[in-house]
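Chains as they are written, first to last, in the working numbering: chain A, 1 to 343; chain B, 344 to 686.
2 protein chains.
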Amino acid sequence: MQRGATLKDVAKLAGVSVATVSRVINGHANVSAETRASVERAILKLNYSPNTIARSLVTGRTGVISLIIVQEDPIVPTTWFYELPIVQSIYDYLKGQDWELQIAMCSYREFQEPAFLPRHFNKRTVDGVLILSAWMVERHIVSELKERNIPHVIIGAHDPDYESLCIEYDNEGAIRSLVEHLWNSGHQIFGLIGGAPNQLHMHGRIQGFASALEEFGLPTWNRLTKYGDWSIESGYELMQEFLAREPNPTAVVCGNDYIAVGAMRAITEQGLRIPEDIAVVGFDDTVVSQIISPTLTTVRLPLAQAGRLAAERLVRELDKPSPDNRRVVLPCEIVIRDSSKSS
Amino acid sequence: MQRGATLKDVAKLAGVSVATVSRVINGHANVSAETRASVERAILKLNYSPNTIARSLVTGRTGVISLIIVQEDPIVPTTWFYELPIVQSIYDYLKGQDWELQIAMCSYREFQEPAFLPRHFNKRTVDGVLILSAWMVERHIVSELKERNIPHVIIGAHDPDYESLCIEYDNEGAIRSLVEHLWNSGHQIFGLIGGAPNQLHMHGRIQGFASALEEFGLPTWNRLTKYGDWSIESGYELMQEFLAREPNPTAVVCGNDYIAVGAMRAITEQGLRIPEDIAVVGFDDTVVSQIISPTLTTVRLPLAQAGRLAAERLVRELDKPSPDNRRVVLPCEIVIRDSSKSS
DNA sequence: TTGTATGCGTTATCAC
DNA sequence: GTGATAACGCATACAA
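If you want it as structure tokens, here you go:
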């Protein structure tokens, strides 16, 4: 990297001291209009721009926010559709606020290790951190962040005691809407095919499913609630198990769109029709929901909104730490398509 | 951020000078075993770790690499499946080499603006840059990078004069393999439905298509080569145009999987069968290629390999600038599925 | 309103 | 081998 002009160069050219130049740059009040003008002229002439590193050394702030993306282990490529919109919206906001974004990716396992945070923060190269995780953020992690006095916001999850700022989705509400929609079409026997239940998304959906059934006075069938992973294969196999015995469900709520695709495959292979014999709904509104036939009813998560909000709150916290309401739960939108339409 | 122990603290505790501590930390030779041991003890005791910012100020290196993701304007979410595997592999490599990754996203238009690079690099907060773009990286950008002496690697594109290090995919070879595969099944009349032809991916595929037809002694039909955007709708409409007049193609090569999905829809709506009447192939091996029926023959790009290689070369260049062979073209793999199988 | 001087935590260049 | 000490480029307390 070439070395550019420094404060000293500007000071010399403008015929003032470095302190004055510094004041101009940082917009301090006590500078006469004339000197300000001449300094600004010098800055322009030398094409000067402040050295961020030097500034950081003295202020103790870097102007960098870190985003830690916590992933399944091994990594499942189909989760990427979820992460990038969030990254995008975070970046868009940060760009406008003149913060830089640094990213780190790790598995859920790595993130838990005691050595992880030290390794990440010992460099003292970031001011705050956004944690994008689908799992509970353990207590020891939050403590360490507090101890180090590192502002942080959790996206899509929370810590056990709700001490950290966090942005979550209203999974309960979403699944309640789905059940209501299906109930309105006359469905009575509901199945649930979930992904990994240790992920908080799934946790909320399981809760919501149970309470929605109760709300609408519907029975719960234990054998019609199963968990696999988030894959097409998983959905296929678990749906087959549903179909192997009576009673068959008339409506199946799936943990994501891929599970739903697998379930639909199992259903049609049995010669049953969707939605006439069995209705299927998914989660996440991925492209596949529009491509599969029949098109899939699903739930759209407010990803961009979550990312932006998280970035906003972190920046606010960095500007001036304040007691904030800790938790935000964003509403989701259900997208009704053919796989659940009553004739 | 709390302030931790400094060199001075360690020096005092170990009863040596800061210079000696610095030598120990940086693994210099001229330190006696005993002093080294005692310094290391002090470091452990104080839980000391070097301040990266201070170090950067004197060395002039930040240990940070920037990744600029250049996108369509407006952003098309379906391109994300392409970018994240690359980001992932870049990060994985960098993590092992103790480099940090900072990211920036911008539209093709923004990237071209003269103000973009200055704004990005004036902070002097990164040592090198990876450019992930689907478009030609203009001459003025490369010049500016050279002038500022910023090592860089381009992923998925190149500059007009091939002056920069770049990693590309063998689009020509891939499309040649596709044509060969279809030709072996007896196809004679080929159509091409492309995405935006100003993107270099498409450029290479167009070239490859033309030369492959020639190689196999096949005629070129101008009206059977069309470009839209990369969407399902685009594929659908352009395929309808193909089917509106004779001769109909018997094989259609699509610029990506989404275009192919649209094309398939148009074909089946006309009552034609895939692959019996018309074979369809796509590009990118996205999930939809496995979900659509019939499953879609497509091309798998070596994304992870590209990302890793780019990071590797940039790091090497940063360690010691060297005349490197400038361009790497990675082979692609064609994935044959039902949409092109000869009965 | 402006200038001087000090410190931020390192690395590197000298001496010794 | 080791220790002073001068940079690195900036912000700021204090003096003027």
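Every residue gets a Cβ at the ideal spot worked out from N, C-alpha and C, and that includes glycine.
- Annotation: L132/A has no Cβ neighbours in chain B at a cutoff of 9 Å; minimum Cβ distance is about 13 Å.
- For T62/A and G128/A, the gap between their C-alpha atoms comes out near 10 Å.
- Per the C-alpha coordinates, the member of R327/A, I75/A, A310/A positioned closest to Y93/A is A310/A.
- Around the beta carbon of R616/B, a 10 Å sphere encloses fewer than 16 other beta carbons of the protein chains shown; the residue is thus reported as exposed.
- Between G538/B and I549/B, the beta carbon gap of about 10 Å keeps them out of contact (Cβ cut-off 8 Å).
- L521/B has its alpha-carbon roughly 12 Å from the corresponding atom of R643/B.
- For T641/B, the uninterrupted beta strand (DSSP E) segment begins and ends at 641-643.
- One alpha carbon belongs to I259/A, the other to I334/A, and they sit about 17 Å apart.
- Taking a Cβ-Cβ threshold of 7 Å, the residues of chain B close to K123/A are T395, in chain order.
- Looking at the DSSP output, I154/A bridges to I131/A, C166/A.
- Identification of residues in the region 102-113 of chain A having a C-beta nearer than 9 Å to some C-beta of chain B yields Q102, I103, A104, M105, C106, given in sequence order.
- For L84/A, the nearest CB of chain B lies under 8 Å from its own CB, placing it at the interface with that chain.
- Beta-bridge annotation (DSSP): Q102/A is paired with S66/A, Q445/B.
- Contact check for G499/B against E511/B passes: the beta carbons are separated by less than 8 Å.
- Look at P77/A: its C-beta is under 8 Å from a C-beta on chain B.
- Only buried fits A357/B, as 16 or more other CB atoms lie within 10 angstroms of its CB.
- The C-beta of I291/A comes closer than 8 Å to at least one C-beta of chain B.
- Shown here for T268/A: same chain residues with a beta carbon closer than 8 Å to its own, the five before and five after excluded, namely I274 in chain order.
- The region 622-637 of chain B makes no contact with the region 657-669 of chain B: fewer than 3 CB pairs, one atom from each, lie closer than 8 Å.
- Look at W230/A: its C-beta is not under 8 Å from any C-beta on chain B.
- Identification of chain A residues near V630/B by a Cβ-Cβ cut-off of 7 Å yields T78, V288, ordered along the chain.
- Here the region 234-241 of chain A makes no contact with the region 198-205 of chain A; the two share fewer than three CB pairs at distances below 8 Å.
- Our two residues, I69/A and D600/B, have alpha carbons roughly 28 Å apart in a direct line.
- Counting only unbroken stretches of 3 or more residues, the beta strand (DSSP E) elements lying wholly within the region 37-94 of chain A are 64-71, in sequence order.
- Under DSSP, R327/A takes part in a beta bridge, and its partners are C166/A.
- Taking the C-beta atoms as reference points, S143/A is found no nearer than 8 Å to R326/A.
- Around the C-beta of E147/A, fewer than 16 other C-beta atoms lie within 10 Å, and the residue is accordingly described as exposed.
- Scanning its chain for C-beta atoms nearer than 8 Å, with the 5 sequence neighbours on each side dropped, one finds around P393/B the residues L350, I368, in chain order.
- The three-state secondary structure of K226/A, taken from DSSP, is strand.
- DSSP, reduced to helix, strand and coil, places I518/B within a helical segment of the structure shown.
- With respect to the C-alpha of V87/A, the residue from A29/A, S32/A, S133/A, L330/A having the closest C-alpha is S133/A.
- Look at the region 596-624 of chain B and you find these whole runs of beta strand (DSSP E), each 3 residues long or longer: 622-624.
- Rounded to whole angstroms, the gap between the alpha carbons of E172/A and S682/B is 40 Å.
- Spanning the alpha carbons of V153/A and L567/B requires a straight line of approximately 53 Å.
- The beta carbon of A647/B is closer than 6 Å to those of P428, S432 in its chain, skipping five residues each way along the sequence.
- For E660/B, no chain A residue has a C-beta closer than 8 Å to its own C-beta; the minimum C-beta separation is roughly 13 Å.
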